[in-house]
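Peer 1: Dropping the structure in here first, questions after.
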Amino acid sequence: MQKSLPSLYYHSDKIFAQEREKIFCSDWFCAAREEQIPAPGDVIVLNILGESVLVARTKAGDIKAHYNVCRHRGSRILPEPGEDLPVGIKLNGGILGASGIRCPYHLWTYGLDGKLLNAPYTKETEGFCKAELSLYPVAAELWGGFIFLNLTPERAAREGRTLKVSFGEAMERVKRYPLRDLSTARRITYEVAANWKIILENYNECYHCGAVHPELCDVVPSFRQQGGASLEWEQGIPHKEGAVTFTWTGKTNRMPFPGLDENEKMRHKGELIYPNLMLSLACDHVAAFSLWPQSPDHTTVICDFLFHPDEIKRSNFAPGDAVDFWDLVNRQDWEICKRVQQGTRSRVHPFGYYAPMEDLSLDIRRYVLNRLKQPV
Ligand SMILES: [Fe+2]
Numbered sequence: 000m001q002k003s004l005p006s007l008y009y010h011s012d013k014i015f016a017q018e019r020e021k022i023f024c025s026d027w028f029c030a031a032r033e034e035q036i037p038a039p040g041d042v043i044v045l046n047i048l049g050e051s052v053l054v055a056r057t058k059a060g061d062i063k064a065h066y067n068v069c070r071h072r073g074s075r076i077l078p079e080p081g082e083d084l085p086v087g088i089k090l091n092g093g094i095l096g097a098s099g100i101r102c103p104y105h106l107w108t109y110g111l112d113g114k115l116l117n118a119p120y121t122k123e124t125e126g127f128c129k130a131e132l133s134l135y136p137v138a139a140e141l142w143g144g145f146i147f148l149n150l151t152p153e154r155a156a157r158e159g160r161t162l163k164v165s166f167g168e169a170m171e172r173v174k175r176y177p178l179r180d181l182s183t184a185r186r187i188t189y190e191v192a193a194n195w196k197i198i199l200e201n202y203n204e205c206y207h208c209g210a211v212h213p214e215l216c217d218v219v220p221s222f223r224q225q226g227g228a229s230l231e232w233e234q235g236i237p238h239k240e241g242a243v244t245f246t247w248t249g250k251t252n253r254m255p256f257p258g259l260d261e262n263e264k265m266r267h268k269g270e271l272i273y274p275n276l277m278l279s280l281a282c283d284h285v286a287a288f289s290l291w292p293q294s295p296d297h298t299t300v301i302c303d304f305l306f307h308p309d310e311i312k313r314s315n316f317a318p319g320d321a322v323d324f325w326d327l328v329n330r331q332d333w334e335i336c337k338r339v340q341q342g343t344r345s346r347v348h349p350f351g352y353y354a355p356m357e358d359l360s361l362d363i364r365r366y367v368l369n370r371l372k373q374p375v
């Protein structure tokens, strides 16, 4: 038995602020799927623990990211999704197709690569140098069709922390899955009343599966054996006899992804890519969860269900057998995570324990503590 993180770590605003700075603003994290911005001029605006960031497909077809802040007076340039203007108010600026974006305040215009293109009436201004006034950069790298961002790009570059250096081992483990070629057939967004680390810890252990996920354990009986102590994730987790995937029956009319090995055609794999991407890989679909911490006790979880485009094109494509099954399993998890969030607030519970079969959850303790002790 090992001590869990102190209960305070799941509830304190101060710890949350440290995690924001030392984890989400320092490490690479998963932000989106490339397919969300397929064409030049496509832009998404994301809020990462309070930092507004825009991710764009440039004229040249690259993906670039920047802080959503004008270099002039600091105005936010683009509204965030769902942010409506008050009735009767109209602002100029916005996205100008592939040519760039314009701040609504003094109409400074930037290319989607971040360069300042035009600032009205500044030509004669002494000391004004466009080249020094690009948007504040955010690093963007691509892997498996996912867009990863780093909000402190200079430091990551200085320390040699590329995406590959950070996640190379996980990438290697799932290299045969054609993640980049897959398309999102369904997206479900969950609002979970739990700290983001509780969700990761829950994902990292199957001790709870027998109690919380009876339907899942019917398809994957080894999840309930010995509290999930002897699961071999490297080789993949076998299903019940005759089953090959996470659906109600364990069967599917979809072809396995091209390129998988014999184990991967029959078994289930999972990866947790810190700090916010959980991947569940079946032979015919992938459930990709990205976590968006909103506050110490609230996390938005975006769950994308990825399928091969050849299957999506088929007239009988019906992803509900996987999606609805997952949706039940997910909601079971969120409910139990909420209970942990509630219980760990009690004055009598300064910390909990990880049992031996929850070994992988120890990783989170290490990951978080290592980072929080680092200077910003
Ligand atoms: Fe679970």
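Numbering (numbering that gives the first Met the number 0), first residue to last: 0 to 375. We treat Cβ as the ideally placed atom computed from N, Cα and C, and that holds for glycine.
For glycine 92, which residues from the same chain have a beta carbon less than 6 Å from its beta carbon, with the 5 sequence-adjacent residues on both sides left out?
Peer 2: Position 93 of the sequence shown, counted from the first residue, corresponds to residue 92. Closer than 6 Å at the Cβ level, and outside the excluded window around glycine 92, lie Arg101, Cys102, Pro103.
Peer 1: Any heavy atom of ligand 1 within a distance shorter than 7 Å of the CB on asparagine 201?
Peer 2: In the sequence shown, the residue the question calls residue 201 occupies position 202. Yes, the Cβ of asparagine 201 comes within 7 Å of a heavy atom of ligand 1.
Peer 1: Just tell me which of Val328, Leu199, Trp247, Ser289 has its CA closest to the CA of arginine 364.
Peer 2: Taking the first residue of the sequence shown as 1, we reach residue 364 at position 365. Checked all of Val328, Leu199, Trp247, Ser289; the closest Cα to arginine 364 is Leu199.
Peer 1: Please identify the residue among Leu278, Cys282, Arg253 whose C-alpha is closest to the C-alpha of leucine 259.
Peer 2: Numbered from 1 along the sequence shown, position 260 holds the residue referred to as residue 259. For leucine 259, the nearest C-alpha among the options comes from Cys282.
Peer 1: Taking the alpha-carbon positions, what's the glycine 96 to histidine 297 distance?
Peer 2: On the sequence shown, residue 96 is found 97 positions in, with the first residue counted as 1. On the sequence shown, residue 297 is found 298 positions in, with the first residue counted as 1. So the two alpha carbons sit approximately 35 Å from each other.
Peer 1: Taking contact to mean 3 or more Cβ pairs, one atom from each stretch, closer than 8 Å, check whether the segment 107-118 and the segment 65-75 are in contact.
Peer 2: They touch, by the three-pair rule.
Peer 1: Just checking, does the segment 73-80 make contact with the segment 5-20 on the three C-beta pairs under 8 Å criterion?
Peer 2: Short answer: they don't touch.
Peer 1: Could you pull the start and end residues of the alpha helix (DSSP H) that alanine 321 belongs to?
Peer 2: Taking the sequence shown and counting its residues from 1, one reaches residue 321 at position 322. Alanine 321 -> alpha helix (DSSP H) spans 319-342.
Peer 1: Hey, would you say valine 285 sits closer than 8 Å to leucine 361, going by beta carbons?
Peer 2: Counting from 1 along the sequence shown, the entry for residue 285 is found at position 286. Counting from 1 along the sequence shown, the entry for residue 361 is found at position 362. Not closer than 8 Å, so no.
Peer 1: Indicate whether phenylalanine 256 and histidine 307 have their beta-carbon atoms separated by less than 8 Å.
Peer 2: Within the sequence shown, numbered from 1, the residue matching residue 256 stands at position 257. Within the sequence shown, numbered from 1, the residue matching residue 307 stands at position 308. Result yes, Cβ atoms of phenylalanine 256 and histidine 307 sit closer than 8 Å.
Peer 1: Select from Met356, Pro39, Ala130 the residue whose C-alpha is nearest the C-alpha of asparagine 117.
Peer 2: By 1-based counting over the sequence shown, the position of residue 117 is 118. When only C-alpha atoms are compared, the closest one is Ala130.
Peer 1: Taking 7 Å as the cut-off, is the beta-carbon of aspartate 332 closer than that to any non-hydrogen atom of ligand 1?
Peer 2: Walking along the sequence shown from the start, residue 332 turns up at place 333. Checking the Cβ of aspartate 332 against ligand 1 gives yes.
Peer 1: Should cysteine 208 be listed as close to ligand 1, given that the test is whether its C-beta is under 7 Å from any heavy atom?
Peer 2: Looking up residue 208 in the sequence shown gives position 209. Indeed, a heavy atom of ligand 1 lies less than 7 Å from the Cβ.
Peer 1: Roughly how far, in whole angstroms, is the beta-carbon of glutamate 357 from the beta-carbon of tyrosine 206, given that I think they are within contact range, below 8 Å?
Peer 2: Position 358 of the sequence shown, counted from the first residue, corresponds to residue 357. Position 207 of the sequence shown, counted from the first residue, corresponds to residue 206. Sure, about 6 Å apart at Cβ, within 8 Å.
Peer 1: Taking 8 Å as the cut-off, does the segment 176-193 touch the segment 327-343 (at least 3 CB pairs, one atom from each stretch)?
Peer 2: The segment 327-343, when compared against the segment 176-193, does touch it at the 8 Å Cβ threshold.
Peer 1: For lysine 372, name the three-state secondary structure that DSSP assigns.
Peer 2: One-based indexing of the sequence shown puts residue 372 at position 373. Correct three-state label for lysine 372: coil.
Peer 1: Tryptophan 247 and phenylalanine 324: beta carbons closer than 8 Å?
Peer 2: As a working mapping, residue 247 is identified with position 248 in the sequence shown. As a working mapping, residue 324 is identified with position 325 in the sequence shown. In contact: tryptophan 247 and phenylalanine 324 (Cβ atoms closer than 8 Å).
Peer 1: Tell me whether histidine 392 counts as near ligand 1, meaning its Cβ is closer than 7 Å to at least one heavy atom of that ligand.
Peer 2: Because the chain in this structure spans residues 0 to 375, residue 392 falls outside the shown range and cannot be described.
Peer 1: Tell me the residue span of the alpha helix (DSSP H) that contains aspartate 209.
Peer 2: Stepping through the sequence shown from its first residue, residue 209 is reached at position 210. According to the sequence shown, residue 209 is glycine rather than aspartate. Looking at the DSSP string, the run of the alpha helix (DSSP H) that includes glycine 209 is 208-211.
Peer 1: Within a Cβ cutoff of 7 Å, which residues of the same chain sit near alanine 38, ignoring the five residues on either side of it in sequence?
Peer 2: Reading the sequence shown from its first residue, position 39 is the one you call residue 38. Closer than 7 Å at Cβ, skipping near neighbours: Arg56.
Peer 1: If we ignore side chains and look at the alpha-carbon of each, how far apart do glutamine 35 and valine 347 end up?
Peer 2: The count along the sequence shown starts at 1 and reaches residue 35 at position 36. The count along the sequence shown starts at 1 and reaches residue 347 at position 348. If you take the alpha carbons of glutamine 35 and valine 347, they lie about 46 Å apart.
Peer 1: What are the start and end residues of the beta strand (DSSP E) that includes valine 191?
Peer 2: Taking the first residue of the sequence shown as position 1, residue 191 is located at position 192. 182-191 is the span of the beta strand (DSSP E), which, as asked, contains valine 191.
Peer 1: On the CB-based measure, 16 or more other CB atoms within 10 Å of its CB, does glutamine 340 come out buried or exposed?
Peer 2: By 1-based counting over the sequence shown, the position of residue 340 is 341. Flag for glutamine 340 reads buried.
Peer 1: Can you look up lysine 2 in the DSSP assignment and give me helix, strand or coil?
Peer 2: Start at 1 with the first residue of the sequence shown, and residue 2 comes out as number 3. Residue state, collapsed to three classes: strand.
Peer 1: Could you tell me the boundaries of the beta strand (DSSP E) in which cysteine 255 lies?
Peer 2: By one-based count along the sequence shown, residue 255 stands at place 256. The amino acid occupying residue 255 in the given sequence is proline; cysteine does not appear at that position. Note, proline 255: premise wrong, no beta strand (DSSP E); not H, not E.
Peer 1: Using 8 Å as the cut-off, can you tell me whether the segment 262-273 makes contact with the segment 171-185, which would need three or more C-beta pairs spanning the two stretches below that distance?
Peer 2: As far as the Cβ criterion goes, the segment 262-273 touches the segment 171-185, which means the pair count is three or higher.
Peer 1: Between proline 213 and serine 229, what straight-line distance do the alpha-carbon atoms span, to the nearest angstrom?
Peer 2: Indexing the sequence shown from 1 puts residue 213 at position 214. Indexing the sequence shown from 1 puts residue 229 at position 230. If I take the Cα positions, the gap works out to 18 Å.
Peer 1: Buried or exposed: isoleucine 26, going by 16 or more other Cβ atoms within 10 Å of its Cβ?
Peer 2: Start at 1 with the first residue of the sequence shown, and residue 26 comes out as number 27. Note that residue 26 corresponds to aspartate in the displayed sequence, not to isoleucine. Aspartate 26 should be labelled buried.
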